[in-house]
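These protein sequences, in sequence, are chains E and C.
If you're matching positions, the first sequence starts at 1 in UniProt numbering and goes up one per residue.
If you're matching positions, the second sequence starts at 1 in UniProt numbering and goes up one per residue.
In this text, a Cβ means the ideal position worked out from N, Cα and C, and glycines have one as well.
Owing to the predicted nature of the structure, the values given are computational and were not obtained by experimental measurement.
See structure below.
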Amino acid sequence: MTIKEQQDRIIEDFEVFGDWMEKYEYIIQLGKDLPLIDPKYKTDDNLIRGCQSKVWLHAELQDGKLVFTADSDAVITKGLVSLVIQVLSGHPPKDIAEAEIYFIDAIGLTSHLSPTRSNGLLSMLKQMKLYAVAFQAKSMQN
Amino acid sequence: METATAQDILWPEVELIRNEFPILQQTVNGRPLVYLDNGATTQKPVSVIRSMQEYYTQYNSNVHRGVHTLSQQATAAYEAARHAVAAFIGAHHHEVVFTKGTTDAINLVAAGFRKSFLREGDEIIISAMEHHSNIVPWQLACEEKGAKLKVVPISDKGELDMDAFRSMLNPRVKLVSITWISNTLGTVNPVKDIIDLAHEQGIPVMLDAAQAAAHTPIKVHELDVDFLALSGHKLFGPTGIGILFGKESWLEQLPPYQGGGDMIKHVTFEKTTYADVPLKFEAGTPAICEAIGLGAAVAWVNKVGIHKIQAYEHQLTEYAVAALKQIEGLRFIGEAKHRSGAISFLVGDTHPSDVGVLLDQQGIAVRTGHHCTQPLCDRFGIPGTVRASLAVYNTTDDIDRLVEGVRKAVTLLG
Chain E
1 MTIKEQQDRI IEDFEVFGDW MEKYEYIIQL GKDLPLIDPK YKTDDNLIRG CQSKVWLHAE
61 LQDGKLVFTA DSDAVITKGL VSLVIQVLSG HPPKDIAEAE IYFIDAIGLT SHLSPTRSNG
121 LLSMLKQMKL YAVAFQAKSM QN
Chain C
1 METATAQDIL WPEVELIRNE FPILQQTVNG RPLVYLDNGA TTQKPVSVIR SMQEYYTQYN
61 SNVHRGVHTL SQQATAAYEA ARHAVAAFIG AHHHEVVFTK GTTDAINLVA AGFRKSFLRE
121 GDEIIISAME HHSNIVPWQL ACEEKGAKLK VVPISDKGEL DMDAFRSMLN PRVKLVSITW
181 ISNTLGTVNP VKDIIDLAHE QGIPVMLDAA QAAAHTPIKV HELDVDFLAL SGHKLFGPTG
241 IGILFGKESW LEQLPPYQGG GDMIKHVTFE KTTYADVPLK FEAGTPAICE AIGLGAAVAW
301 VNKVGIHKIQ AYEHQLTEYA VAALKQIEGL RFIGEAKHRS GAISFLVGDT HPSDVGVLLD
361 QQGIAVRTGH HCTQPLCDRF GIPGTVRASL AVYNTTDDID RLVEGVRKAV TLLG
């Protein structure tokens, strides 16, 4: 699935929920299901600042595709991280760098997240795109 | 702590009080609002809102310099607010400096001490339960002057180690600056003992009364405290206003904090002489409307009665602590014998921010995080807490909703 198709699928998934409590239940489940990051990557260097909870994000290139793994000490944050990873992980760096992210607005998350949380989410997206740009630049050098 | 029941603390006045707060009448996320974030800021009664509206609609004008009617009205209202706050804390009006808030007041004293009193090798004493605004200004002052910041340790229950405090007092200590009530732990510190012990060695004391002002009577001269800071918005008043109380002798000695209009006696390019206290510390156009709002807030508290507020909140706190204790896996962060209605807790392994988000979905406003007391959270090895902080308009229904909300959040997160 392309980044756009992934986003459209998430938007569809969220349409079935009646209220925000149900949406949060789903996000919590996503957080619980997110595969754990390799503990060796839970370093200060991989820590993303900008929210009340901690988020660790690791990126590596596998067969020309950028794969993200992440963890958080708060499960709702981890669920949000999971959504972003579903959308962006496993795609070529160029696609990630150029991707337009619209699903967060479309599912109403932006207006429902506190500024601290949405700042954290935006920081994470920004960091993922920075990784993509860096890997893209590196592959062009090679 | 004896367990109170809802029946014990029925207080008909509380419904009348609630009716004076328009913001409490709304729903949030489809549920009637339960506002339990009073440690961060309190809601405002209509009398405060109206006083500020009247200023802008009837006599908006600058203070102290105008000869016209509106300016005189504004000046009278601004100075009346100073008198009201002074009476509220048992001070003389000229000992009350309007500041932007508690943080600004502490910075004012820290700047003055840095400039005039602090030397290399001196010491400033704070405690392990301080808010960042009673840590960082002193850190900055100490770093600049080569002085040392000493921290009074606390017990696992969140009580000050008074033996350690006694042993830290010595001639090198230039000031003790301690919070009256901890915003995170709810601990009410033995401030009179602290002041008396420090004074025995000639050391002045500053109290951060941000969390005390809306909940406990303050009488600065009875306490014999040297400086005291509080914020208007935590006292049912507006944001952007607070006060520094300083004994006259201290305010006279402190150098001006900022330069500008209204704080001068006479200016030439060679030399400026300064206005008398408190105007020496109020450079520029002050927060006139906010000061007037603070005066109205103090009048509102006086109308209800601070002793009544204290007694009601004491019972409500007992009720809340007993009710929260029934939640399996809940542990309190801060269990001091003398405590206020700031109740911090964690449940099992749940992250405080997760609990806070799910409470918000149920219309319940609490604070989560480190509450600007990161060293304190490090002391307890926690990322932060969920904090429910009470005010006089809260009821046992609010507490019941909180308990139900926490249970639901924990079930979802479990």
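Taking the DSSP output, what are the residues bridged to residue i?
| i | result |
| --- | --- |
| E/V71 | According to the sequence as given, residue 71 of chain E is Asp; it is not Val. According to DSSP, which records beta bridges pairwise, E/D71 is partnered with E/W56. |
| E/L125 | Its beta-bridge partners do not exist; DSSP assigns none. |
| C/T187 | C/R339 |
| C/R266 | Just to set this straight, residue 266 of chain C is His in the shown sequence, not Arg. C/T273. |
| C/M52 | None; C/M52 has no bridge partner. |
| E/H91 | E/L66 |
| C/P32 | C/T27 |
| C/D37 | C/S389 |
| C/T179 | C/D208 |
| residue 443 of chain C | Because residue 443 of chain C is not part of the residues shown, which for chain C are 1 to 414, the question remains open. |
| E/I48 | E/V55 |
| E/L61 | E/L66 |
Throw me the rounded Cβ distance for the residue i and residue j pair, which I believe falls under 8 angstroms.
| i | j | result |
| --- | --- | --- |
| E/I76 | E/I27 | 6 angstroms |
| E/L121 | E/L80 | 6 angstroms |
| C/L358 | C/L412 | 6 angstroms |
| E/K94 | E/Q141 | That pair is no contact at about 14 angstroms. |
| C/L33 | C/Q26 | 5 angstroms |
| C/T373 | C/S353 | Incorrect: roughly 16 angstroms between the Cβ atoms, too far for contact. |
| C/H93 | C/V277 | So it is not a contact: roughly 11 angstroms between Cβ atoms. |
| C/V152 | C/D161 | 6 angstroms |
| C/L118 | C/K192 | Between C/K192 and C/L118 the Cβ distance is about 26 angstroms, and since that is not below 8 angstroms, they are no contact. |
| residue 415 of chain C | C/D262 | For residue 415 of chain C there is no data in the structure shown, the boundaries of chain C being 1 and 414. |
| C/G232 | C/A297 | 6 angstroms |
| C/P375 | C/G293 | With 8 angstroms as the limit, C/P375 and C/G293 do not qualify as a contact, their Cβ atoms being about 33 angstroms apart. |
| E/L66 | E/I96 | 6 angstroms |
| C/T42 | C/F236 | 5 angstroms |
| C/I327 | C/V406 | 6 angstroms |
| C/C299 | C/A74 | The amino acid occupying residue 299 of chain C in the given sequence is Ala; Cys does not appear at that position. Actually they are not in contact, since the Cβ atoms of C/A299 and C/A74 sit about 18 angstroms apart, beyond 8 angstroms. |
| C/C289 | C/Y59 | Not really, about 10 angstroms apart at Cβ, beyond 8 angstroms. |
| C/L169 | C/L197 | 6 angstroms |
| C/Q211 | C/W250 | C/Q211 to C/W250, Cβ: 23 angstroms. No contact. |
| C/V410 | C/V386 | The pair is not a contact, with the Cβ atoms about 11 angstroms apart (cut-off 8 angstroms). |
| C/S71 | C/S61 | 4 angstroms |
| C/I264 | C/Y274 | 6 angstroms |
| C/N394 | C/L316 | 6 angstroms |
| E/S53 | C/H64 | Contact flag wrong, Cβ pair sits at about 48 angstroms. |
At a Cβ threshold of 8 angstroms, is residue i touching chain A?
| i | result |
| --- | --- |
| C/L413 | The chain inventory of the structure shown lacks chain A, comprising the protein chains E and C. |
Is the number of C-beta pairs between the stretch 112–124 of chain C and the stretch 331–342 of chain C that are closer than 8 angstroms three or more?
-> no
At what residue ranges does the stretch 82–163 of chain C contain a whole run of the alpha helix (DSSP H), taking only runs of 4 or more?
-> 102–116, 136–145
Does the pairing of the stretch 166–186 of chain C with the stretch 343–357 of chain C give three or more beta-carbon distances under 8 angstroms?
-> yes
Residues of the stretch 344–377 of chain C with a CB closer than 9 angstroms to any CB of chain E: list them in chain order, please.
-> T350, H351, P352, S353, D354, G356, V357, L358, D360, Q361, Q362, T368, G369, H370
Contiguous beta strand (DSSP E) assignments of at least 3 residues, all confined to the stretch 304–355 of chain C | 330–332, 342–347
Start-end ranges of the alpha helix (DSSP H) lying completely within the stretch 200–285 of chain C, minimum 4 residues | 220–223, 248–253
Within 8 angstroms of chain C by C-beta, residues of the stretch 62–82 of chain E in sequence order | D73, A74, V75, I76, T77
Meets three-Cβ-pair contact criterion under 8 angstroms: the stretch 318–326 of chain C and the stretch 128–141 of chain C = no
When Cβ atoms are compared, which residues of the stretch 18–43 of chain E fall closer than 7 angstroms to chain C?
-> W20, M21, Y24, E25, I28
Residues of the stretch 47–60 of chain E with Cβ closer than 9 angstroms to any Cβ of chain C, in chain order | C51, Q52, S53, K54
Within the chosen definition, does the stretch 135–146 of chain C reach the stretch 263–275 of chain C through at least 3 CB pairs nearer than 8 angstroms?
-> no
Tell me, please, whether the stretch 35–54 of chain C touches the stretch 383–400 of chain C by the rule of three or more beta-carbon pairs shorter than 8 angstroms.
-> yes
Could you tell me whether the stretch 214–233 of chain C touches the stretch 301–318 of chain C, using the rule of 3 or more Cβ pairs below 8 angstroms?
-> yes
Chain E contacts from the stretch 215–230 of chain C (Cβ-Cβ distance under 8 angstroms) | none
Residues of the stretch 29–53 of chain C whose Cβ lies closer than 9 angstroms to any Cβ of chain E, in chain order | N29, G30
Can you give, in chain order, each stretch of the beta strand (DSSP E) that sits fully within the stretch 357–404 of chain C and has at least 3 residues?
-> 367–369, 385–389
Residues in the stretch 381–393 of chain C having any Cβ partner in chain E nearer than 9 angstroms = P383, G384
Does the count of Cβ pairs from the stretch 218–229 of chain C and the stretch 243–253 of chain C closer than 8 angstroms reach three?
-> yes
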